[in-house]
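Numbering (this note's numbering), first residue to last: 16 to 370. Positions of the beta carbon are idealized from the N, C-alpha and C atoms, including for glycine. First comes the structure, then the notes that go with it.
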């Protein structure tokens, strides 16, 4: 019996060494390319409809099912466990997707350093950190022995290296974040649950719109922009990508809130985020501003100080009436899932209605 155990440990050690050697060969052969930047990535009650229960966790058990299913990703079919227990997510969105579906990742890429996204931190306690999405630690991923790795085509050049570690489902890039959520649910066999969650999220947005329409804020225009240390970026539905869906679409298209007339100010939304000059803001002159904070604390403070000292900024209607709200980039821009969007709705309701 002791000999068997030693043999098993030796086999596991040799297997890990073999995989590490394979990874090194793959990287030397051509996978040593620069990590591609994650698109769109540069506190808090969640939606009742998307709030996770203490449901099935991918870290609840070390046992793995012997049953498998075949799923089709952008790199072709891959066999995955019917009920994966050690899921590793290589893009932020998968944390939101899994938690919304009542699951918990075993390992995840992080926001900054070893920190999980703040809005999900209490749901991700004990999850193994893998480093940032652009510099995730392959050895740490290997050590987690994942039975399913979730990724998307941002990391397509890393596919060979990742797939040497475990079965990889690699999705295409989704400009519609809720379709991405549904795709994740399909892989996990939870399509019905995802449809219900999205329906409930839409209903929550419509209910918010109804409440706002009956309030003093009914006709208020709302501008969403992201502040960085170097520029201002308007965040709004894209003129060129009508199928795209992010938090502004939820607020403007589903809830029916009013955006300023961007076209009148000469702003064309080729993408959902467009750089604009501060001097254009008086032409928009919104009643309310949701300002997304992105970057380090020091950069944020420097950018905010510079903005608050600017005469153009001081003259805006929203600024003079104290209707500027600071919100988190990780939730409003990079959350890409129903929990983040539920929180967006909660924050807007609190700001506009005081509820």
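Closest Cα partner of residue i within the set the options
| i | options | result |
| --- | --- | --- |
| residue 363 | 299, 331 and 226 | 226 |
| residue 319 | 84, 241 and 170 | 241 |
| residue 269 | 146, 277 and 252 | 252 |
| residue 258 | 93, 328, 194 and 142 | 194 |
| residue 354 | 114, 329, 87 and 91 | 114 |
| residue 140 | 147, 149, 130 and 146 | 130 |
| residue 126 | 163, 348 and 361 | 348 |
| residue 332 | 275, 317 and 357 | 275 |
| residue 163 | 122, 138 and 136 | 122 |
| residue 326 | 316, 294, 308 and 341 | 294 |
| residue 254 | 272, 233 and 289 | 289 |
| residue 304 | 361, 235 and 100 | 235 |
| residue 82 | 256, 100 and 206 | 100 |
| residue 124 | 167, 84, 116 and 90 | 167 |
| residue 229 | 111, 188 and 271 | 271 |
| residue 216 | 201, 231, 202 and 192 | 192 |
| residue 188 | 344, 214, 94 and 88 | 88 |
| residue 367 | 302, 317 and 132 | 302 |
| residue 361 | 138, 175 and 220 | 220 |
| residue 90 | 146, 173, 148 and 152 | 173 |
| residue 203 | 107, 118 and 144 | 118 |
| residue 169 | 231, 145 and 106 | 106 |
| residue 317 | 145, 160 and 245 | 245 |
| residue 339 | 308, 345 and 346 | 308 |
| residue 161 | 341, 218 and 177 | 177 |
| residue 151 | 138, 232, 104 and 256 | 104 |
Residues that residue i bridges to, as DSSP identifies them
| i | result |
| --- | --- |
| residue 94 | 85 |
| residue 327 | Answer is none; residue 327 lacks a bridge partner. |
| residue 341 | 306 |
| residue 248 | 241 and 290 |
| residue 184 | 165 |
| residue 260 | 191 |
| residue 122 | 103 and 143 |
| residue 112 | Answer is none; residue 112 lacks a bridge partner. |
| residue 236 | 273 |
Exposure label - residue i; buried when at least 16 CB within 10 Å
| i | result |
| --- | --- |
| residue 370 | exposed |
| residue 92 | exposed |
| residue 210 | exposed |
| residue 365 | exposed |
| residue 312 | exposed |
| residue 285 | exposed |
| residue 324 | exposed |
| residue 350 | buried |
| residue 281 | exposed |
| residue 266 | buried |
| residue 49 | Since pLDDT at residue 49 reaches only 40, below the 50 mark, its modelled position is unreliable, and no value is offered. |
| residue 283 | exposed |
| residue 292 | exposed |
| residue 85 | exposed |
| residue 357 | buried |
| residue 206 | exposed |
| residue 94 | exposed |
| residue 198 | buried |
| residue 343 | buried |
| residue 97 | exposed |
| residue 111 | buried |
message = Which runs of the alpha helix (DSSP H) at least 4 residues long sit entirely within the region 135-178? Give them in chain order.
response = If we require 4 residues or more, the alpha helix (DSSP H) runs fully inside the region 135-178 come out as 153-158 and 174-178.
ask   = Three or more beta-carbon pairs under 8 Å between the region 247-263 and the region 230-239, yes or no?
value = Short answer: they touch.
key: Three or more C-beta pairs below 8 Å linking the region 172-185 and the region 149-157   = Taking a cut-off of 8 Å on C-beta distances, the region 172-185 touches the region 149-157, as three or more cross pairs fall below it.
inquiry  = Using 8 Å as the cut-off, can you tell me whether the region 335-342 makes contact with the region 293-300, which would need three or more C-beta pairs spanning the two stretches below that distance?
reply    = Taking a cut-off of 8 Å for Cβ pairs, the region 335-342 and the region 293-300 do not touch, as fewer than three such pairs fall below it.
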